[in-house]
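One structure is given here, and the rest of the page talks about it.
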Amino acid sequence: MENYDIKEIELAEGGRRRIDWAEREMPVLRLIRERFAKERPLNGLRIAACLHVTTETANLMHTLHDGGAEVVLTASNPLSTQDDVAAALVTHFEIPVFAIKGEDNVTYYKHINAALDHRPNITMDDGADLVSTLHIDRRELLENVIGGTEETTTGVIRLRAMAADGALEFPVIAVNDAMTKHLFDNRYGTGQSTIDGIIRATNTLLAGKNFVVAGYGWCGRGLAMRARGMGANVIVTEVVPLPALEAVMDGFRVMPMSEAARVGDIFVTLTGDINVIDKHHFELMKDGAIVANSGHFNVEINIPALEKMAKEKRLVRPFVEQYILQDNRSINILAEGRLINLASAEGHPASVMDMSFANQALSLEYMVRNVDVLGKKVYSVPEEIDRDIARLKLDAMEVDIDTLTEEQIAYLNSWEAGT
Ligand SMILES: NC(=O)c1ccc[n+]([C@@H]2O[C@H](COP(=O)([O-])OP(=O)(O)OC[C@H]3O[C@@H](n4cnc5c(N)ncnc54)[C@H](O)[C@@H]3O)[C@@H](O)[C@H]2O)c1
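Numbers 16 to 434, taken from my numbering, label the letters of the sequence shown in order.
Written out as structure tokens, the structure reads:
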């Protein structure tokens with residue numbers, strides 16, 4: 016294969032071993048892959064995927080490939096690529112990859128365009144960069160596209176905004192909306208892997224630290240829960256009353272960021288919002304504060320403002336940039352404010368990505384089967400897919416549950432029976 020752009024092809028063997036390691040924890044996706052290999056539901060379709068290039072994504076690419084698709088992969092974040100995985104996909108799975116860990120923004124978009132050069136029939140996005148580039152710069156390719164899928168909250172928000180503007184030119188299935196995606200991936204996946212990323216980057220002790228979680232959505236809930244488990248004193252900041260109330264009743268302190276900024280030792284943003292930690296917050300922070308982001312884009316921490324405030328900046332460890340302010344306080348920004356769990360760790364464990372990517376594969380199959388009836392809208396994952404994935408995951412975990420009796424079914428469907 017000639018056309019790909021990765022760091023080093025020699026890394027392929029190590030990548031292959033790690034892809035196999037992840038596969039062991041992805042039993043639901045394995046079942047789908049085995050069925051796809053027989054039924055070939057994606058036969059002849061060209062798929063461009065813009066996802067984090069990880070071992071789990073490699074297993075999804077393998078599944079789509081076995082389902083008959085021609086797949087090309089580009090990164091959905093400049094810092095999340097695992098270069099050995101990219102090499103293994105090219106070498107062992109014949110999948111062209113355009114992704115290099117640490118690529119600059121120009122290369123990032125060059126790679127997205129290289130994936131689009133394959134004239135996809137289907138897009139698979141994590142953050143909607145592929146779809147937005149297609150709609151803004153590569154409109155001549157739109158006529159080939161029958162539909163797409165979107166992996167994350169921020170991407171779904173962008174796509175819904177496009178649909179509301181009448182700008183979306185094909186149907187997209189919001190994989191993030193599936194219960195078997197966000198309840199597990201966003202909560203337990205982000206919860207665990209964000210802590211993993213912070214620890215790998217800093218080797219800091221969490222016990223006894225004031226750990227500020229900005230945003231109590233699915234990701235924030237997971238992170239707050241796991242940080243508490245490590246012995247941290249967790250503080251939550253929110254802008255919406257309901258999740259704020261939930262955080263209070265879950266036993267966390269809730270306060271505005273302007274108060275949390277004074278007492279926090281470690282800060283993590285997971286909101287999908289912009290400038291959640293801003294100049295006036297940096298002005299209040301303690302010397303040595305650690306600041307990270309696990310939301311999709313690197314806009315949650317106002318790093319340009321911090322750059323202006325700082326008299327000096329130095330890289331003290333991989334993924335830890337220390338900004339020295341005029342009054343000699345230091346503030347440590349992790350991974351340039353990009354997704355910390357993917358930059359300094361490996362992203363979510365395979366076991367949760369099993370469900371997220373089972374949703375991706377089955378949503379694609381659904382889209383191909385229903386292409387004639389879907390409009391230019393954002394669709395949720397059909398409930399049957401969600402239910403099937405939950406059942407298959409329980410089976411794989413060897414967890415049995417009860418079955419409703421005839422009497423219980425009748426009772427649950429009746430309205431006459433009362434006190
Ligand atoms: N790191 C990862 O691997 C990973 C995984 C899944 C999702 N994500 C991303 O994480 C972000 C959050 O996803 P989610 O599913 O938790 O979203 P969500 O919509 O469930 O939660 C976001 C929360 O942030 C709150 N919020 C918004 N602006 C805020 C502000 N200025 N201050 C405090 N709180 C604020 C909202 O009220 C909401 O409760 C998104 O960008 C998503 O794409 C990252």
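Idealized CB from N, CA, C, for every residue including glycine.
- Going along the chain, which unbroken runs of the beta strand (DSSP E) with 3 or more residues stay wholly within the region 121-169? 137-140 and 162-165
- Is it true that the CB of Arg-353 sits closer than 8 Å to the CB of Asn-308? yes
- Message: Do Lys-391 and Phe-185 count as a contact pair if the criterion is CB distance below 8 Å?
- Response: yes
- Message: So for Ser-359, helix, strand or coil by DSSP?
- Response: coil
- Please name the residue, chosen from Phe-267, Ile-305 and Arg-268, that lies closest to Thr-8 on a Cα-to-Cα basis. The chain is shown from 16 up to 434; residue 8 falls before or after that span and cannot be answered.
- Query: If you check the beta carbons only, do Ala-130 and Val-100 fall under 8 Å apart?
  - Reply: no
- Does the Cβ of Arg-329 have 16 or more other Cβ atoms within 10 Å, making it buried, or fewer, making it exposed? exposed
- Message: Please report the distance separating the alpha-carbon of Glu-421 from that of Met-412.
- Response: 27 Å
- Message: Taking the beta carbon of Gly-235 as the centre, do at least 16 other beta carbons fall within 10 Å, making it buried, or is it exposed?
- Response: buried
- Query: At what residues does the beta strand (DSSP E) containing Phe-226 begin and finish?
  - Reply: 225-229
- Query: If you run the structure through DSSP and keep just helix, strand and coil, what is Ser-309?
  - Reply: coil
- Message: Please report the straight-line C-alpha distance between Leu-174 and Ala-103, rounded to a whole angstrom.
- Response: 32 Å
- Item | Ile-127 beta carbon less than 8 Å from that of Cys-65 | yes
- With a floor of 3 residues, list each beta strand (DSSP E) that falls wholly inside the region 171-237, ordered by position along the chain. 187-189 and 225-229
- Task: Return the chain-ordered list of same chain residues with a C-beta closer than 7 Å to the C-beta of Asn-225, the five sequence neighbours on each side being excluded.
- Result: Asn-248, Ile-250, Val-278, Gly-279 and Asp-280
- Item | Coarse secondary structure for Ile-289, derived from DSSP in three states | coil
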